[in-house]
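Protein sequences, first through last, are from chains A and B. The numbering of the first sequence is numbering that gives the first Met the number 0, which starts it at 0 and goes up by one. The numbering of the second sequence is numbering that gives the first Met the number 0, which starts it at 0 and goes up by one. Just so it is clear, CB atoms sit at the ideal spot from N, CA and C, and this is done for glycine as well.
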Amino acid sequence: MAVAAKSAGLMGAGGWPRARCCAAAKPLRLMLMTMPLTEMTDADLLRAYASGTQEAAAELARRLLPGALAQATRMLTDRAAAEDVAQDAMMRLWRQAPVWRAGEAQVSTWLYRVVSNLCIDQLRKRKRTTPLDAIADPADPGESAADQMQTQSRMAALSDALAQLPERQAQAVALRHLEGRSNPEIAEIMDISVRSVESLTARGKRALAAILAGRRAELGYDDV
Amino acid sequence: MTMSETDNDDAMIDALLGDVAKVAPDVDDALMARVLADAARAPSLPGPAPARGVRAQLGELIGGWPTLGGLALAGCAGLWIGVAPPASVEDAAAGLFGTTETVSIWDDATLFGEEGLIDG
Numbered sequence: 000m001a002v003a004a005k006s007a008g009l010m011g012a013g014g015w016p017r018a019r020c021c022a023a024a025k026p027l028r029l030m031l032m033t034m035p036l037t038e039m040t041d042a043d044l045l046r047a048y049a050s051g052t053q054e055a056a057a058e059l060a061r062r063l064l065p066g067a068l069a070q071a072t073r074m075l076t077d078r079a080a081a082e083d084v085a086q087d088a089m090m091r092l093w094r095q096a097p098v099w100r101a102g103e104a105q106v107s108t109w110l111y112r113v114v115s116n117l118c119i120d121q122l123r124k125r126k127r128t129t130p131l132d133a134i135a136d137p138a139d140p141g142e143s144a145a146d147q148m149q150t151q152s153r154m155a156a157l158s159d160a161l162a163q164l165p166e167r168q169a170q171a172v173a174l175r176h177l178e179g180r181s182n183p184e185i186a187e188i189m190d191i192s193v194r195s196v197e198s199l200t201a202r203g204k205r206a207l208a209a210i211l212a213g214r215r216a217e218l219g220y221d222d223v
Numbered sequence: 000m001t002m003s004e005t006d007n008d009d010a011m012i013d014a015l016l017g018d019v020a021k022v023a024p025d026v027d028d029a030l031m032a033r034v035l036a037d038a039a040r041a042p043s044l045p046g047p048a049p050a051r052g053v054r055a056q057l058g059e060l061i062g063g064w065p066t067l068g069g070l071a072l073a074g075c076a077g078l079w080i081g082v083a084p085p086a087s088v089e090d091a092a093a094g095l096f097g098t099t100e101t102v103s104i105w106d107d108a109t110l111f112g113e114e115g116l117i118d119g
């Protein structure tokens, strides 16, 4: 099943759902009786799931899983590893549901943090073992075979380079430039100041440029 | 490294990040099914609350069966000490309050048979 959230206009920049603000703080039972699940906020769906409404979990997964998988794939390249990270992150969300405190953080922000941390763990393990050589599944069936190879080669090069960066730099660069998050959002996700985000992303990009400096032709960026 | 090379490397990194940012994999059925199966068996999910009567709620308010059992035991012990106080209790009471006098409100033989159980 290809989740068509993007085409349905539910996804914002970076592949994550837009914030939903149509549901005020109504009593949960009343809300479940009067409002379709598709119009409830992520936090309200999480409350509904915690109270035993399984359909709320399905709606949350439909909204959040594509973004979690995309974020993990962009950082790790390896499809199987990205799926494991996305599933693990969602499992943590289900476990968090009964103790979720509304108003502390957006569910999507929380999930960005969890996926990002899980990916950093994977990159750390990869740094201790071998670089990623395997080519993952084709990213876009519409691309030609040569283009797919080029895309996968670029993804693998970037992922290996991110694995060589200090963890906070890799996290900030990925959130800023792969996920398209704003600096204040990244500051919230990483629990640091905006100034620190700016510093981390700038140093991270310089380090990436140094690591990949000799691979311009290999990655097909001769004309850049 | 010249300034031009640095600029080119920066441009290459911008292009690389931009290209990878466009990658948007589809969620296939198998992954969605695994995630929903996890949701269905998440250990912290509460089941539907069973209907509970007033008696059950009152018992829970007091502290449940352990508390009710303790209350019953303490009540029996108090009644027993009241009806047939051991000598040590009477001695202690005498020490605290001076002389004590035990008044039986029932005839011992009527309550406990000819031998009687009250030795105080």
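For V88(B), the nearest beta carbon of chain A is not closer than 7 Å to its own beta carbon. Straight-line spacing of the CA atoms in R175(A) and G63(B) works out to 55 Å.
In this chain, the alpha helix (DSSP H) harbouring T72(A) covers 53 to 75.
Taking 7 Å as the threshold, the shortest C-beta distance from V223(A) to chain B falls below it. Distance from Y48(A) to L59(A) at the Cβ level is roughly 7 Å; contact confirmed, criterion being Cβ atoms closer than 8 Å. If you draw a straight line from the Cα of A23(B) to the Cα of P65(B), it comes to about 58 Å. Uninterrupted alpha helix (DSSP H) stretches at least 4 residues long and entirely within the stretch 0 to 45 of chain B occur at 2 to 20, 28 to 39, given in chain order.
The beta-carbon of D8(B) is placed less than 7 Å from the nearest beta-carbon of chain A. I80(B) counts as exposed, since fewer than 16 other C-beta atoms from the protein chains shown sit within 10 angstroms of its C-beta.
Close to chain B, meaning a Cβ-Cβ distance shorter than 8 Å, are the following residues of the stretch 142 to 156 of chain A: T150, R153, M154, A156.
Taking all protein chains shown into account, T37(A) has fewer than 16 neighbouring C-beta atoms within 10 Å of its C-beta and is therefore exposed. DSSP places L92(A) in the uninterrupted alpha helix (DSSP H) bounded by 78 to 95. In the structure shown, the three-state DSSP call for Q168(A) is helix. Membership of M30(A) in the alpha helix (DSSP H) is indicated by the continuous run 27 to 33. Taking the beta carbon of Q86(A) as reference, the chain B residues within 8 Å of it are L30, R33, V34, D37, listed in sequence order.
Assignment of S192(A) by DSSP, reduced to helix, strand and coil, places it in the coil class.
By the rule that beta-carbons nearer than 7 Å mark a contact, P165(A) does not touch chain B. Secondary structure note for G213(A): it is in no alpha helix (DSSP H), with a DSSP letter that is neither H nor E.
A88(A) places its beta carbon 7 Å or farther from that of A42(A). Contact between the stretch 58 to 75 of chain A and the stretch 110 to 130 of chain A is present, with at least three C-beta pairs closer than 8 Å. Contact with chain B is found for W93(A), since one of that chain's Cβ atoms lies less than 7 Å from the residue's Cβ. Among the CB atoms of chain B, none fall inside 7 Å of the CB of K124(A). Shown here for L164(A): same chain residues with a beta carbon closer than 6 Å to its own, the five before and five after excluded, namely G203, A206 in chain order.
Among the CB atoms of chain A, one or more fall inside 7 Å of the CB of L16(B). Annotation for G102(A): no alpha helix (DSSP H) segment contains it, and DSSP assigns it neither H nor E.
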